[in-house]
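Numbering (full-length UniProt numbering), first residue to last: 1 to 349.
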């Protein structure tokens, strides 16, 4: 090896091994940025909780506070363990036979690597549990709707616990550990995709029904596109798909995504909880409140002579017909009484 010939400094490894190492190191750096985002959101949310007016909901606020502190603690442990394992790969054990790439694959059963994967897996349990809970709330606390997602959630717990039993043996990138880890990721990401689609569909339908009543009525923060993306944890589902596909194909591109995905496990719940603290999240009473708002809006907007303030008569009749159709849809879908009772012909001449 010559000190003047850069070509002689290159490690004696294949191009595939070098790409595996590069992608792993780049992923750690990107994940560090994601951890910074997580830390920022954590302290903002903690501040919102701490300065929230004391009320009857104080007990639930304390539960949310304990939840986000646990998320941040586990995420910090996982992040620190990942940094230490990276140090072992590229500094402490860099003379390992086969190079850093071989160490990365074959030594995932070291205590520091196990600490990292356990912390992030438990963090994922908390994230999945919160999204399932929000799904249950948005769908009116109906257990019949939440039954299948709940079974999938239990399956993720069972698969991950089975995976933990393999951690004291060979590297979890090999043999049974790799198979269980693949099953766990598949079920977890699949569960989140299902919940994301279901929540977005629910909010989109509610948004569409409001629009059918009147194009003039403001939708509010519960029905915005941002609300749909945050409430459904779209960020985690999208990142999960980006990771799962290359993971299944054995492509090192997974290394670029996994550290960030591990932080999004905490970022997605924090975004939801921030909306809860600000009173912008969907609650069990949101649907009923929307119906009441529609009634109030129509009552204020329509005059006795059948016109809308500042609008021609035909627009008033059009909005009245939309409201009538909305009632028909809601009556056919739900047994409970609606808060609005408006007849289409009440505004006709």
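Heads up, the beta-carbon is just placed ideally off N, CA and C, and yes, glycines get one too.
Since we're looking at a predicted model, the values are computed, not measured.
Locate the alpha helix (DSSP H) running through residue 240, then write down its first and last residues.
Under the DSSP assignment, residue 240 falls in the alpha helix (DSSP H) whose first and last residues are 234-249.
Just the C-alpha distance for residue 18 and residue 244, rounded to the nearest angstrom, thanks.
Answer to the nearest angstrom: the Cα atoms are 22 Å apart.
Three-state secondary structure assigned by DSSP to residue 73:
Three-state DSSP puts residue 73 in a helix.
Taking only runs that begin and end inside the stretch 86-119, name each unbroken alpha helix (DSSP H) of 4 or more residues, in chain order.
Runs found: 99-106.
Please state whether the Cβ-Cβ distance between residue 161 and residue 269 is less than 8 Å.
Not closer than 8 Å, so no.
Identity of the residue in 139, 90, 68 and 145 nearest residue 124 by Cα:
For the options 139, 90, 68 and 145, the alpha carbon positioned closest to that of residue 124 is the one of 68.
Cut-off 6 Å between Cβ atoms - residues of its own chain near residue 119, not counting five sequence neighbours on either side
Contacts found: 74, 77 and 78.
Could you tell me whether the stretch 245-256 touches the stretch 15-33, using the rule of 3 or more Cβ pairs below 8 Å?
Proximity of the stretch 245-256 to the stretch 15-33 meets the contact definition, three or more beta-carbon pairs being nearer than 8 Å.
Which two residues bound the contiguous alpha helix (DSSP H) that contains residue 153?
Judged by DSSP secondary structure, residue 153 falls within the alpha helix (DSSP H) whose first and last residues are 143-164.
To the nearest angstrom, how far is it from the Cα of residue 158 to the Cα of residue 166?
In this model, residue 158 and residue 166 are separated by some 13 Å (Cα to Cα).
Quick one: give me the first and last residue of the alpha helix (DSSP H) that residue 35 is part of.
Note, residue 35: alpha helix (DSSP H), 15-50.
Under three-state DSSP, which class holds residue 53?
Three-state DSSP puts residue 53 in coil, outside helix and strand.
In the structure shown, what three-state DSSP assignment does residue 174 receive?
Here residue 174 sits in coil by DSSP.
Identity of the residue in 181, 168, 136 and 263 nearest residue 107 by Cα:
Of the candidates 181, 168, 136 and 263, the one whose C-alpha sits nearest the C-alpha of residue 107 is 168.
In this structure, does DSSP put residue 64 in helix, strand or coil?
When DSSP states are grouped into helix, strand and coil, residue 64 belongs to the helix group.
Inter-residue spacing [alpha-carbon to alpha-carbon] between residue 97 and residue 103
Near 8 Å, if we compare the C-alpha coordinates of residue 103 and residue 97.
Spatial neighbours of residue 37 within its chain, please: C-beta separation below 8 Å, excluding the five flanking residues on both sides.
Result list for residue 37: 263 and 267, in chain order.
Drop a sphere of 10 angstroms on the beta-carbon of residue 45, count the other beta-carbons inside from all chains shown, and report buried for 16 or more, exposed for fewer.
Burial state of residue 45 is buried, judged by a 10 Å Cβ sphere holding 16 or more other Cβ atoms.
Look at the alpha carbon of residue 62 and the alpha carbon of residue 138, and state the distance between them as a whole number of angstroms.
One C-alpha to the other measures close to 22 Å.
Where does residue 167 fall in DSSP's three states?
If DSSP states are grouped into helix, strand and coil, residue 167 belongs with coil.
8 Å Cβ cutoff met for residue 199 and residue 232
A contact, by the Cβ cut-off of 8 Å.
Cβ of residue 272 within 8 Å of Cβ of residue 230?
Contact flag set, yes.
Are there 16 or more other CB atoms within 10 angstroms of the CB of residue 28, so buried, or fewer, so exposed?
Classification for residue 28: buried.
Return the chain-ordered list of same chain residues with a C-beta closer than 7 Å to the C-beta of residue 7, the five sequence neighbours on each side being excluded.
No residues qualify anywhere along the chain.
So, are the CB atoms of residue 64 and residue 276 less than 8 Å apart?
A distance below 8 Å separates the beta carbons of residue 64 and residue 276.
Taking the alpha helix (DSSP H) that residue 263 belongs to, which residues open and close that run?
Annotation for residue 263: the continuous alpha helix (DSSP H) segment containing it runs 254-277.
With distances taken from CA atoms, which of 110, 113 and 86 is nearest residue 100?
Considering only 110, 113 and 86, the residue with the shortest C-alpha distance to residue 100 is 86.
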